[in-house]
Ligand code: ADP
Ligand code: MG
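Numbering (my numbering), first residue to last: 180 to 361.
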């Protein structure tokens, strides 16, 4: 396990902003290169999976709202209390990316076509997630999959994933740690 970085978010807006940056980094391929080292074929790695862990109110859903926005999803991401898996389509579009000192608009050909938001808060056994087609979802390299309460389905998670840990510091501060499992 390689430690990536730790960041202290001062408010929900900052948490969303951090998430948005991560999403753009993923779309631009920068992070993918770090998660899947040079030489390994991205296609053989399956979906890009984010596992979100941390207490209730830690900011996992808030983070994913910013993340989805960064992926270009217009719908608002909600805490799926009763729906365990929610699917969103991704489309190629113009994104602002940093190019040297200026911000330039570039059309990205998004290598991913679908974003899945999975919330394991209410599940009792990993099998419940397997029964919803989890294996197919995580084996498709076109998918980006974010799993809240990922520690509850540890047994069935792919090995190469990004773990995001949310620690409650006080009313407005959250420590977000991003760990890279390779
Ligand atoms: P989780 O999905 O981890 O249970 P939520 O994102 O649903 O957490 O809830 C986080 C709550 O904490 C929200 O009410 C949000 O407004 C609040 N909050 C306060 N400060 C922060 C912060 N820095 N980052 C994220 N959420 C924060
Ligand atoms: Mg949540």
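Cβ atoms here follow ideal geometry from the backbone N, Cα and C, with glycine treated the same way.
Practice item. Assess, as a yes-or-no matter, whether the region 344-354 is touched by the region 253-270 under the definition of 3 or more beta carbon pairs within less than 8 Å. Key: no
Exercise for review: Can you grab the Cα-Cα spacing for the pair residue 358 / residue 341, in whole Å?
Suggested key: 6 Å
Practice item. Tell me, to the nearest whole angstrom, how far the beta carbon of residue 199 is from that of residue 241; I am working on the premise that it is less than 8 Å. Key: 12 Å between Cβ atoms; not a contact.
Check your understanding: When every heavy atom of the ligand ADP is checked, does at least one fall within less than 7 Å of the C-beta of residue 191?
Key -> Answer for residue 191: yes, Cβ within range of the ligand ADP.
Exercise for review: Let me know if residue 216 comes out buried or exposed under the rule of 16 or more other beta-carbons within 10 Å of its beta-carbon.
Suggested key: Legend: pLDDT at residue 216 = 47, less than 50; position of this residue unreliable, value from coordinates given subsequently. Exposed, since its Cβ has fewer than 16 Cβ neighbours within 10 Å.
Check your understanding: To the nearest whole angstrom, what separates the beta carbons of residue 228 and residue 343, a pair I think is in contact under 8 Å?
Key -> Distance from residue 228 to residue 343 at the Cβ level is roughly 11 Å; contact not present, criterion being Cβ atoms closer than 8 Å.
Review point. Taking DSSP as the reference, what is the three-state secondary structure of residue 336?
Key: Coil, per DSSP.
Review point. Quick one: what does DSSP say residue 199 is sitting in, helix, strand or coil?
Key: helix
Check your understanding: How would you call residue 218, buried or exposed, if buried means at least 16 neighbouring beta carbons within 10 angstroms?
Key -> Reliability of the predicted coordinates at residue 218 is poor, the pLDDT of 47 falling under 50, and no value is obtained from them.
Point to revise | Euclidean distance between Cα positions of residue 225 and residue 338 | key: 11 Å
Check your understanding: Under the criterion of a Cβ to heavy atom distance below 7 Å, does residue 239 qualify as lining the ligand ADP?
Key -> yes
**Study point:** Beta carbon of residue 250 nearer than 8 Å to that of residue 239
**Key:** no
Check your understanding: According to DSSP, what are the bridge partners of residue 295?
Key -> Residue 295 is bridged to 266 and 324.
Check your understanding: According to the neighbour-count rule (16 or more other Cβ atoms, all chains shown, within 10 Å of its Cβ), is residue 349 buried or exposed?
Key -> It is exposed - the Cβ of residue 349 has fewer than 16 other Cβ atoms within 10 Å.
Check your understanding: Which value, in whole angstroms, describes the spacing of the CA atoms of residue 233 and residue 297?
Key -> 15 Å
Review point. Cβ-heavy atom distance between residue 327 and the ligand ADP below 7 Å?
Key: yes
Check your understanding: Do you know how far the Cα of residue 305 is from the Cα of residue 334?
Key -> 7 Å
Review point. Quick one: what does DSSP say residue 355 is sitting in, helix, strand or coil?
Key: strand
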